[in-house]
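Q:
Number of protein chains: 2
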Amino acid sequence: MKKTAPTLHDVAKAAGVSIATVSKYLNGTQRFSPAVEANIDATVKTLGYRSNELARSMITGATKTIGVAILDINNPHFTSVVKGANRVAIDNGYTLLLVDTEENQGREMQLLDALSRRVDGMIISSRMPESDIKTVVDFGKPIVFFGRLESLRLPTVGSDVYRGAYMLTQHLVTQGHRHIAYLGFSKSRWDAERLRGMLDCLQQHDLPLARFDAQLPFASEGERMCSFVMLGRERPDALICYNDLMAIGFMKEAQALGFQIPQDLSVAGFDNIQYGEYVSPSLTSVDLKSQHMGEVAMRKMLDTLAGKETDHYTMLEPQVVLRQSTMKRQ
Amino acid sequence: MKKTAPTLHDVAKAAGVSIATVSKYLNGTQRFSPAVEANIDATVKTLGYRSNELARSMITGATKTIGVAILDINNPHFTSVVKGANRVAIDNGYTLLLVDTEENQGREMQLLDALSRRVDGMIISSRMPESDIKTVVDFGKPIVFFGRLESLRLPTVGSDVYRGAYMLTQHLVTQGHRHIAYLGFSKSRWDAERLRGMLDCLQQHDLPLARFDAQLPFASEGERMCSFVMLGRERPDALICYNDLMAIGFMKEAQALGFQIPQDLSVAGFDNIQYGEYVSPSLTSVDLKSQHMGEVAMRKMLDTLAGKETDHYTMLEPQVVLRQSTMKRQ
DNA sequence: GTGAAAGCGCTAACAT
DNA sequence: ATGTTAGCGCTTTCAC
Chain D
1 MKKTAPTLHD VAKAAGVSIA TVSKYLNGTQ RFSPAVEANI DATVKTLGYR
51 SNELARSMIT GATKTIGVAI LDINNPHFTS VVKGANRVAI DNGYTLLLVD
101 TEENQGREMQ LLDALSRRVD GMIISSRMPE SDIKTVVDFG KPIVFFGRLE
151 SLRLPTVGSD VYRGAYMLTQ HLVTQGHRHI AYLGFSKSRW DAERLRGMLD
201 CLQQHDLPLA RFDAQLPFAS EGERMCSFVM LGRERPDALI CYNDLMAIGF
251 MKEAQALGFQ IPQDLSVAGF DNIQYGEYVS PSLTSVDLKS QHMGEVAMRK
301 MLDTLAGKET DHYTMLEPQV VLRQSTMKRQ
Chain X
1 MKKTAPTLHD VAKAAGVSIA TVSKYLNGTQ RFSPAVEANI DATVKTLGYR
51 SNELARSMIT GATKTIGVAI LDINNPHFTS VVKGANRVAI DNGYTLLLVD
101 TEENQGREMQ LLDALSRRVD GMIISSRMPE SDIKTVVDFG KPIVFFGRLE
151 SLRLPTVGSD VYRGAYMLTQ HLVTQGHRHI AYLGFSKSRW DAERLRGMLD
201 CLQQHDLPLA RFDAQLPFAS EGERMCSFVM LGRERPDALI CYNDLMAIGF
251 MKEAQALGFQ IPQDLSVAGF DNIQYGEYVS PSLTSVDLKS QHMGEVAMRK
301 MLDTLAGKET DHYTMLEPQV VLRQSTMKRQ
């Protein structure tokens, strides 16, 4: 029950060797005579010595910690991203410092500022404008960013949502839908790409797109927007939502309003979250490979830290996953 | 574009004052003459000085970081816990170091070991035996634990699952169910309490309980166990699952097998995860107040760090949330 | 093979 | 009101 934890100094003294010897042996920097090594091992054990990571980090300049900033930990898409990033991190001896910015612009910058001081690098998902991202870059730590950037040249990773949106739309058109609507979320930096994919596809078929915009990417918002979309002058026969969460909320409310899905309306989302399988009808979705995104981002981070050059933009290939919420129209 | 970040020393020199003056002023430890303060402010700005948290932490002994270890970040219960903990942490100037042990005993100890060296305290959710928890306590950092402990006297927080299970069972019995089954998860330290609550209630009504045990607390496991439960000799008329995830999986598979819920079987779970509202039928559940658990845990941690004594066990009151997956039997 | 000593950037007595 | 100085626990040349 000692007041203060044993230090390298204590071990050295107790083992009758120098502090440098202990340090080098423990770090595997150098080998020593068997007698000395055994002695150190024993002393470390009896004293219960554990290195002070802080002191070491101060010298080596590395904390072995990667900061991960996400928008909302309650969103399954982000938990999958974190899961992927975490796996790769752990396999490489790194730990995750998590920051949940709660879809809340206000404190984001100060959170990132604080974060940047305690990590070796940051993996960031954010809705900040590029000018703000520039500020974050100036915090001086390596950054991997989710989503494509215009002016900044940063390592980024994303899913090809344009392709995903195009494919999904193409499928709906092929299945006979003629009145397709998009319940988007224009605050997201991924929204425009989805929209572009849909528009390009529909234009080829000379079909229109009805557009709606949500304020939050949540299920509750999908519910809220439902009557607005379904009880207007022109009811769509297919709806694509910005993400699965919104789609799930929308479907529930649509059913409450008396509509049958997919008979009255086909619904689809993005992300392919796990719960899409368990709602009724099960949800058709564009799988954006969330977990893989996290893995790739962390691998890029680690490569950057190791001084390797990484390609700047990595784009994962999405996959349309068909389920019961969409059907063929005759 | 300097190679190395400016230090306190640089600021002091550039501002023509001593290093201590800068330190004290920046930390608000002491006030100085307006001239000096303005001068320091200006220099800090032009140099872009940002304190090295590591060096500071080494001296103050505080990292302003709390480690949070959870079993699975893909489980909504835990994301809510983290959300709650994170809110309180941020409001108090702390950051979360997250560790996802992935329901994987093997690396858990080494992860916690590593974690303990970089944080001021740890909030832990784990299935470790108490002997192992003792080891973690010996890492020397304050700990707040989720769940009641037998021998160890640690600050802990939990939900009164015994009461929750009792209430839920009571409700089912009142609604006319006579063949109640429990699909448990005996590896969890919360399983026994649930079971005890059900048993105590059923005993009073002189009713039996059929028991099944899952290997993992996932939806997929609920699906897997379904045929085993539903196609045996004695089919239950009500099923309580260890958690909502399992219940959701179970319901899906039961419906696939041709059963109607709740007509053929009432189903209920624990946690009251968000998705329970969106599956069909919507899921009756015992709300364990996940987010509140996280908040309370973090508050206890902060109190402990501040030297305040905290009560050792805090038990939140659960609430039965009735939805469509349970119904009255005549 | 092993050890002495110089810091890493900062805080906190203790001076002045 | 401001400065001097002694470390915090560790890594890392550079000597012996």
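Sequences listed follow chains D and X, in order. Quick note: the first sequence, position 40, residue 40 per UniProt numbering, numbers continuous. Quick note: the second sequence, position 196, residue 196 per UniProt numbering, numbers continuous. Ideal Cβ placement from N, Cα and C applies to all residues, glycine included. The structure displayed is predicted, hence computed values, not measured ones.
Answer with yes or no whether the minimum CB distance from A62 of chain X to chain D is below 8 angstroms.
A: By one-based count along the second sequence, residue 62 of chain X stands at place 62. Answer no: the Cβ-Cβ gap between A62 of chain X and chain D never drops below 8 angstroms.
Q: Of all the options X:V296, X:Y313, X:Q319, X:L245, which has the alpha carbon lying nearest to the alpha carbon of K83 of chain X?
A: Numbered from its first residue, the second sequence carries residue 83 of chain X at position 83. It is X:V296.
Q: Using the rule of at least 16 other Cβ atoms within 10 Å of the residue's Cβ for burial, across every protein chain shown, is residue 336 of chain X buried or exposed?
A: Nothing in the structure corresponds to residue 336 of chain X, since chain X is present only between 1 and 330.
Q: With a cut-off of 8 angstroms on the beta carbons, I'd call L96 of chain D and N104 of chain D a contact; round off their distance for me.
A: Sequence index remark: in the first sequence, residue 96 of chain D carries index 96 (1-based). Sequence index remark: in the first sequence, residue 104 of chain D carries index 104 (1-based). L96 of chain D to N104 of chain D, Cβ: 20 angstroms. No contact.
Q: May I ask which residues mark the beginning and end of the alpha helix (DSSP H) holding A214 of chain X?
A: Start at 1 with the first residue of the second sequence, and residue 214 of chain X comes out as number 214. Per DSSP, A214 of chain X belongs to no alpha helix (DSSP H) and is neither H nor E.
Q: Excluding five sequence neighbours on each side, which residues of the same chain lie with their C-beta closer than 7 angstroms to the C-beta of Q215 of chain X?
A: In the second sequence, counting from the first residue as 1, residue 215 of chain X sits at position 215. Excluding sequence neighbours, Q215 of chain X sits near E221.
Q: So, helix, strand or coil for L195 of chain D, using DSSP?
A: Residue mapping note: residue 195 of chain D aligns to position 195 of the first sequence, counting from 1. Reduced to three states, the DSSP call for L195 of chain D is helix.
Q: My output table needs one value for I40 of chain X: the three-state DSSP class, helix, strand or coil.
A: Sequence index remark: in the second sequence, residue 40 of chain X carries index 40 (1-based). Reduced to three states, the DSSP call for I40 of chain X is helix.
Q: Establish whether the CB of E53 of chain X and some CB of chain D are separated by less than 8 angstroms.
A: In the second sequence, residue 53 of chain X corresponds to position 53, counting from 1. Yes - at least one Cβ of chain D is within 8 angstroms of the one on E53 of chain X.
Q: Determine the contact status of A165 of chain X and D120 of chain X, defining contact as a CB-CB distance below 8 angstroms.
A: Within the second sequence, numbered from 1, the residue matching residue 165 of chain X stands at position 165. Within the second sequence, numbered from 1, the residue matching residue 120 of chain X stands at position 120. Result no, Cβ atoms of A165 of chain X and D120 of chain X do not sit closer than 8 angstroms.
Q: Pull up the distance between the alpha-carbon of M301 of chain D and that of G106 of chain D, whole angstroms please.
A: Walking along the first sequence from the start, residue 301 of chain D turns up at place 301. Walking along the first sequence from the start, residue 106 of chain D turns up at place 106. Approximately 26 angstroms, taken between the alpha carbons.
Q: How many Å lie between Q291 of chain D and H77 of chain D at the Cα?
A: Counting from 1 along the first sequence, the entry for residue 291 of chain D is found at position 291. Counting from 1 along the first sequence, the entry for residue 77 of chain D is found at position 77. Going from the Cα of Q291 of chain D to the Cα of H77 of chain D covers about 8 angstroms.
Q: In chain order, what residues of the same chain have a beta carbon less than 8 angstroms from the beta carbon of L202 of chain D, not counting five sequence neighbours either side?
A: Position 202 of the first sequence, counted from the first residue, corresponds to residue 202 of chain D. For L202 of chain D, where only same-chain residues beyond five positions count, the Cβ hits under 8 angstroms are T169, V173, I180, P208, L209.
Q: Does the structure place the region 122-130 of chain X close enough to the region 145-155 of chain X that three or more beta carbon pairs sit under 8 angstroms?
A: yes
Q: Taking C-beta pairs closer than 8 angstroms, name the residues in chain D that K252 of chain X reaches, listed in chain order.
A: Position 252 of the second sequence, counting from 1, holds the residue named residue 252 of chain X. The contacting residues are E277, Y278.
Q: Considering Cα atoms alone, identify which of D:V320, D:K328, D:M327, D:K289 is closest to T314 of chain D.
A: Sequence index remark: in the first sequence, residue 314 of chain D carries index 314 (1-based). Residue D:K289 is the option with its Cα nearest to T314 of chain D.
Q: Distance cutoff 8 angstroms, beta carbons only. Does D264 of chain X sit that close to anything in chain D?
A: In the second sequence, the residue the question calls residue 264 of chain X occupies position 264. For D264 of chain X, the answer is no, since every Cβ of chain D falls outside 8 angstroms of its Cβ.
Q: My guess is that E116 of chain D and K134 of chain D are in contact by the Cβ rule of under 8 angstroms, so how many angstroms apart are they, rounded?
A: In the first sequence, counting from the first residue as 1, residue 116 of chain D sits at position 116. In the first sequence, counting from the first residue as 1, residue 134 of chain D sits at position 134. The identity of residue 116 of chain D in the sequence shown is Ser, whereas the question assumes Glu. 13 angstroms between Cβ atoms; not a contact.
Q: Sort X:K328, X:R235, X:L199, X:Q30 by Cα distance to G176 of chain X and report the nearest one.
A: What you label residue 176 of chain X is simply residue 176 of the second sequence in a count that begins at 1. Ranking the options by Cα distance to G176 of chain X, first place goes to X:K328.
Q: Tell me whether A256 of chain X is buried or exposed, calling it buried when 16 or more other Cβ atoms sit within 10 Å of its Cβ.
A: Here residue 256 of chain X refers to the residue found at position 256 of the second sequence. Its Cβ having fewer than 16 others within 10 Å, A256 of chain X is exposed.
Q: What residue range does the alpha helix (DSSP H) around V136 of chain X cover?
A: Taking the first residue of the second sequence as 1, we reach residue 136 of chain X at position 136. Run containing V136 of chain X: 130-137, per the alpha helix (DSSP H) assignment.
Q: Looking at the C-beta of M58 of chain D, does it have a partner C-beta in chain X at a distance below 8 angstroms?
A: Counting from one through the first sequence, the residue named residue 58 of chain D turns up at place 58. At least one chain X Cβ lies under 8 angstroms of M58 of chain D.
Q: So with CB distances below 8 angstroms, who are the chain D contacts of T65 of chain X?
A: Working through the second sequence from its first residue, we reach residue 65 of chain X at position 65. Going along chain D in sequence order, the residues near T65 of chain X (Cβ under 8 angstroms) are L97, R118.
Q: The beta strand (DSSP E) spanning residue 368 of chain D covers which residue range?
A: Nothing about residue 368 of chain D can be read from this structure; chain D reaches only from 1 to 330.
Q: Tell me the rounded alpha-carbon separation between F139 of chain D and D113 of chain D.
A: For this step, residue 139 of chain D is matched to residue 139 along the first sequence. For this step, residue 113 of chain D is matched to residue 113 along the first sequence. Each residue's Cα considered, the two are about 7 angstroms apart.
Q: Going by alpha carbons, who is nearest to L239 of chain X out of X:I273, X:S325, X:E317?
A: Against the second sequence, residue 239 of chain X aligns to sequence position 239. Among X:I273, X:S325, X:E317, the Cα nearest to that of L239 of chain X belongs to X:S325.
Q: Counting along the chain, where does the alpha helix (DSSP H) carrying Q110 of chain D start and finish?
A: Residue 110 of chain D sits at position 110 when you count from the first residue of the first sequence. Run containing Q110 of chain D: 105-116, per the alpha helix (DSSP H) assignment.
Q: Going by the beta-carbon positions, is the gap between M293 of chain D and V157 of chain D smaller than 8 angstroms?
A: For the purposes of this step, residue 293 of chain D is taken as residue 293 along the first sequence, with counting starting at 1. For the purposes of this step, residue 157 of chain D is taken as residue 157 along the first sequence, with counting starting at 1. Contact flag set, yes.
Q: Taking Cβ positions only, does L183 of chain X come closer than 8 angstroms to chain D?
A: The count along the second sequence starts at 1 and reaches residue 183 of chain X at position 183. L183 of chain X does not count as touching chain D.
Q: Hey, is D100 of chain D's beta-carbon within less than 8 angstroms of any beta-carbon in chain X?
A: Here the question's residue 100 of chain D lines up with position 100 in the first sequence. At least one chain X Cβ lies under 8 angstroms of D100 of chain D.
Q: Counting only Cβ pairs nearer than 8 angstroms, list the residues of chain X close to L216 of chain D.
A: Position 216 of the first sequence holds residue 216 of chain D. Contact of L216 of chain D with chain X by beta-carbon distance below 8 angstroms is absent, the smallest such distance being about 14 angstroms.
Q: Going by the DSSP bridge assignment, what does T314 of chain D pair with across the sheet?
A: Position 314 of the first sequence, counted from the start, is the residue given in the question as residue 314 of chain D. The partner list for T314 of chain D (beta bridge, DSSP) reads D:V157.
Q: State yes or no: is the beta carbon of Q319 of chain X nearer than 8 angstroms to at least one beta carbon in chain D?
A: Mapped onto the second sequence, residue 319 of chain X falls at position 319. Not closer than 8 angstroms to any Cβ of chain D, the Cβ of Q319 of chain X fails to qualify, so no.
Q: Using the rule of at least 16 other Cβ atoms within 10 Å of the residue's Cβ for burial, across every protein chain shown, is P281 of chain X buried or exposed?
A: The sequence position of residue 281 of chain X within the second sequence is 281, counting from 1. Its Cβ being crowded by 16 or more others within 10 Å, P281 of chain X is buried.
Q: Can you pull the chain D residues whose beta carbon is under 7 angstroms from the beta carbon of I73 of chain X, in chain order?
A: Counted from its first residue, the second sequence places residue 73 of chain X at position 73. The answer, in chain order, is T79, V82, K83.
Q: Compare the Cα-Cα distances from E309 of chain D to each of D:M58, D:F32, D:R153, D:G48 and report the closest residue.
A: Numbered from 1 along the first sequence, position 309 holds the residue referred to as residue 309 of chain D. Closest by alpha carbon: D:R153.
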